[in-house]
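Numbering (this note's numbering), first residue to last: 7 to 231.
1. Please report the residue range of the beta strand (DSSP E) in which residue 120 lies.
2. Using DSSP bridges, identify the partner residues of residue 6.
3. Once the 5 residues before and after residue 180 are set aside, which same chain residues still bring their CB inside 7 Å of it?
4. Per DSSP, what are the beta-bridge partners of residue 157 in this structure?
5. Near residue 40, what residues of its chain come up, given a Cβ to Cβ distance below 6 Å and the 5 sequence neighbours on each side ignored?
6. Pairing CB atoms from the segment 100-110 with CB atoms from the segment 73-83, are three or more of them under 8 Å?
7. Beta-carbon within less than 8 Å of residue 226's beta-carbon, same chain only, minus the 5 sequence neighbours each way: which residues are those?
8. What do you get for residue 156, buried or exposed, if any count of 16 or more other CB atoms within 10 angstroms of its CB means buried?
9. Tell me whether residue 153 is buried or exposed, calling it buried when 16 or more other Cβ atoms sit within 10 Å of its Cβ.
10. Helix, strand or coil, according to DSSP, for residue 5 in the structure here?
11. Nearest to residue 108 by alpha carbon, out of 183, 150, 201?
12. Rounded to the nearest angstrom, what separates residue 224 and residue 193 at their Cα positions?
13. Using a Cβ-Cβ distance cut-off of 8 Å, determine whether residue 213 contacts chain D.
14. Let me check understanding here. Comparing Cα to Cα, which of 111, 59, 186 lies closest to residue 69?
15. With a 10 Å radius around its C-beta and 16 neighbouring C-beta atoms as the bar for buried, classify residue 67 as buried or exposed.
16. Kindly give me the distance between the Cβ atoms of residue 77 and residue 127, rounded to whole angstroms, as I take these residues to be in contact under 8 Å.
17. Residue 177 and residue 215 - do their beta-carbons sit closer together than 8 Å?
18. In the structure shown, what three-state DSSP assignment does residue 128 receive?
19. Assign residue 42 to one of three DSSP states: helix, strand, or coil.
20. Rounded to whole angstroms, what's the CA-CA distance from residue 36 to residue 147? Just pull it up for me.
21. Within the segment 166-192, note down every full alpha helix (DSSP H) run reaching 4 residues or more, in order along the chain.
22. DSSP three-state call for residue 134: helix, strand or coil?
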């Protein structure tokens, strides 16, 4: 139901927009869990892929709404510990796959507005979650743990970016951002205790965007003529 409401809002905004930018992007997520330790060991950074679509209706000269539909690999690795060394584990990791729907306000600034600031929220749906243990270079555990985690997650998103124009309509974007998880993704842990775990993700993406329609400034100039 929430996804349907978001979709209707997105389509209504797009249909009423005089100018629209569409794009694709891809990059790397650097993620870990904030909160309790994951399976008794300290959380450490895990890398994963991110890619998706960009839909950006313009609101005013320097302001746009920015909608995205993203595939995100998140999770956590575990830092080395005495416990891991004792049992002979070389790596313990959680691997999560989300469909993320960020909705952000974009503010352009700087000369010709090539720099921008994003802020907003992201609603994510959990597709897959597994728990892996590596010992001596081999996986000795590879378990599905999706049922132990909530099916959705809400994050606050903030970031800075730059758009490098290739033509008047086409550009390349470099888009780093940080997503701070606001909701507990963990249910009752089947092995130890109830946990509080929240996603924490730094993303760096590169994309290609194309502007559709005329600039409002261009329309006003033509009207005056």
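Heads up, the beta-carbon is just placed ideally off N, CA and C, and yes, glycines get one too. Please read all numbers here as calculations on a predicted model, not as lab measurements.
In terms of the structure at hand:
1. Stepping through the chain shown from its first residue, residue 120 is reached at position 114. No beta strand (DSSP E) holds residue 120; DSSP gives it neither H nor E.
2. The question about residue 6 has no answer, for the chain in this structure spans 7 to 231.
3. Here residue 180 corresponds to residue number 174 of the chain shown, with the count starting at 1. The residues are 167, 168, 212.
4. Numbered from 1 along the chain shown, position 151 holds the residue referred to as residue 157. Answer is none; residue 157 lacks a bridge partner.
5. Indexing the chain shown from 1 puts residue 40 at position 34. Closer than 6 Å at the Cβ level, and outside the excluded window around residue 40, lie 204, 206.
6. yes
7. Residue 226 sits at position 220 when you count from the first residue of the chain shown. Caution is warranted here: a pLDDT of 49 is assigned to residue 226, below 50, making its placement in the model unreliable, and no coordinate value can be reported.
8. In the chain shown, counting from the first residue as 1, residue 156 sits at position 150. Classification of residue 156: exposed, given that the 10 Å Cβ count is below 16.
9. Along the chain shown, one-based indexing puts residue 153 at 147. So residue 153 counts as exposed.
10. Here the chain comprises residues numbered 7 to 231, so residue 5 is not present and cannot be evaluated.
11. The count along the chain shown starts at 1 and reaches residue 108 at position 102. Selected option, being the one with the closest Cα: 183.
12. As a position in the chain shown, residue 224 is number 218, starting the count at 1. As a position in the chain shown, residue 193 is number 187, starting the count at 1. Note that residue 224 has pLDDT 48, beneath the 50 cutoff, so the model's placement of it is unreliable and the number below is only indicative. CA-CA distance, residue 224 to residue 193, rounds to 53 Å.
13. Judged by its chain identifiers, the structure shown contains no chain D, having just a single protein chain.
14. For the purposes of this step, residue 69 is taken as the residue at position 63 of the chain shown. The candidate whose alpha carbon is nearest that of residue 69 is 111.
15. Residue mapping note: residue 67 aligns to position 61 of the chain shown, counting from 1. With fewer than 16 Cβ atoms within 10 Å of its Cβ, residue 67 is classed as exposed.
16. Start at 1 with the first residue of the chain shown, and residue 77 comes out as number 71. Start at 1 with the first residue of the chain shown, and residue 127 comes out as number 121. Distance from residue 77 to residue 127 at the Cβ level is roughly 18 Å; contact not present, criterion being Cβ atoms closer than 8 Å.
17. Along the chain shown, one-based indexing puts residue 215 at 209. Along the chain shown, one-based indexing puts residue 177 at 171. Yes, these two residues count as a Cβ contact at 8 Å.
18. Within the chain shown, residue 128 is the residue found at index 122, counting from 1. Three-state DSSP puts residue 128 in a strand.
19. Your numbering for residue 42 matches position 36 in the chain shown. Residue 42: coil per DSSP, three-state reduction.
20. The sequence position of residue 36 within the chain shown is 30, counting from 1. The sequence position of residue 147 within the chain shown is 141, counting from 1. Answer to the nearest angstrom: the Cα atoms are 23 Å apart.
21. none
22. The count along the chain shown starts at 1 and reaches residue 134 at position 128. Correct three-state label for residue 134: strand.
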